[in-house]
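Here's the structure, in structure tokens; my notes come after.
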Amino acid sequence: MDYFNHKKVLITGASSGLGEHLAIELNKRGAHVILVARNEKELTRVLNQLDKTSPSIAKVFDVSKYDQGGVFIADLLKEIGTVDILINNAGISQRSLAVDTSFEDEKKIIDLNLYGVLALTKACLPEIIKNKGQIVVINSVMGKINTKYRSAYAASKHALTGYFDCLRIEVEDQGVSVCNIMPGFVATNITKNSIGSTADIIINSANDKGLSPASFAIKAADAIAKRKREVIIGGFKEGFAVWFKKLTPKLFDIFIKKQKVI
Ligand SMILES: NC(=O)c1ccc[n+]([C@@H]2O[C@H](COP(=O)([O-])OP(=O)(O)OC[C@H]3O[C@@H](n4cnc5c(N)ncnc54)[C@H](OP(=O)(O)O)[C@@H]3O)[C@@H](O)[C@H]2O)c1
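See the structure below:
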């Protein structure tokens, strides 16, 4: 029997990109998926691609409204009973230098990518502990490295690395697995939706040359099923960058300054 069979899996940011393809892949493997995002029409489009016999549902919620996360999860639990796996995937990226990025835009990134994630994680945690379930975070290689044009995004993703590394050792003895998934470039709408993106940046997006979201979803599903603690899913360059930064951070800065990341 597949690892995901009859598991209740909540996926945020499930109306597009990685979240959409994870929902389809996990549902194929037997999961009952709870799709969460803001765009109801897109959520319905994704829900219509899922197995009609499985009780998957879609819920409209703005994850960046972190002060409402607790009530959202409490209401959801009343409706569906429990959650086995939470996949924190909703996120927004950045394509602007720190000097050109307003504080409001930096806060927008951090409210969604960090505070929103923490609010939902904390609200789901008692159920996940009860079920010896899993918390998955769709982080980024930017949770480990630095480049230009990603300052607030890297801040949010580095914070996720720190938070979930701590949480893992707090809950692993209770049977809970925390899986940190770090994608490299994957071809989704992420560049188009990034803070600071322009028409020129969108046309030349490095993401479009990256992995397909369907291949990403297969690799991510395999990592979740193996209850891995951390995995990089992307091209050789992104994996190399993480290794290089760890080995020699100063040389890494010299190297990464010259790379095209926008
Ligand atoms: N693609 C890559 O190359 C890449 C690389 C590294 C990391 N990642 C990470 O992967 C995750 C998914 O990104 P993606 O590439 O799939 O991008 P995407 O295609 O832009 O999808 C983002 C998803 O997040 C949802 N979302 C955005 N703001 C939200 C909010 N306030 N509340 C609830 N949902 C919200 C969007 O749905 P609505 O607009 O309907 O709300 C959408 O479903 C992000 O955390 C990103 O940092 C992606």
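Each residue of the sequence shown is one higher than the one before, starting from 57 at the first, in our numbering. Here a beta-carbon is modelled for each residue, glycine too, at the ideal position from N, C-alpha and C.
Here Thr304 is exposed: its Cβ has fewer than 16 other Cβ atoms, across all protein chains shown, within 10 Å. Beta-bridge annotation (DSSP): Ala114 is paired with Leu91. A distance criterion of 6 angstroms places the beta-carbon of Ala262 beyond contact range of ligand 1, judged by its closest non-hydrogen atom.
By the Cβ-count criterion, Glu226 is exposed, with fewer than 16 other Cβ atoms from all chains shown falling within 10 Å of its own Cβ.
Val193 is the residue among Val193, Lys316 and Ala208 whose C-alpha sits nearest the C-alpha of Asn144. The beta carbon of Phe241 sits closer than 6 angstroms to at least one heavy atom of ligand 1. In the three-state scheme derived from DSSP, where H, G and I count as helix and E and B as strand, Ser250 is classed as coil. In the structure shown, the three-state DSSP call for Val298 is helix. Three or more beta-carbon pairs separated by less than 8 angstroms are not found between the region 248 to 262 and the region 271 to 284, which leaves the two stretches without contact. Val234 is a Cβ neighbour of Leu223, given a cutoff of 7 angstroms. Around Glu183, the same chain offers Thr138 and Val139 as residues with beta carbons nearer than 6 angstroms, after the five sequence neighbours per side are excluded.
Within the same chain, no residue comes within 6 angstroms of Asn260 by CB-CB distance, once the 5 residues on both sides are set aside. Counting of Cβ neighbours within 10 angstroms places Phe296 among the exposed residues, the total staying below 16.
DSSP lists Ile288 as the bridge partner or partners of Met238. Look at Gln124 here: in three-state DSSP terms it is helix. Between ligand 1 and the CB of Thr100, the shortest heavy atom gap is not smaller than 6 angstroms. Remark: C-beta atoms of Phe241 and Ala262 approach each other more closely than 7 angstroms.
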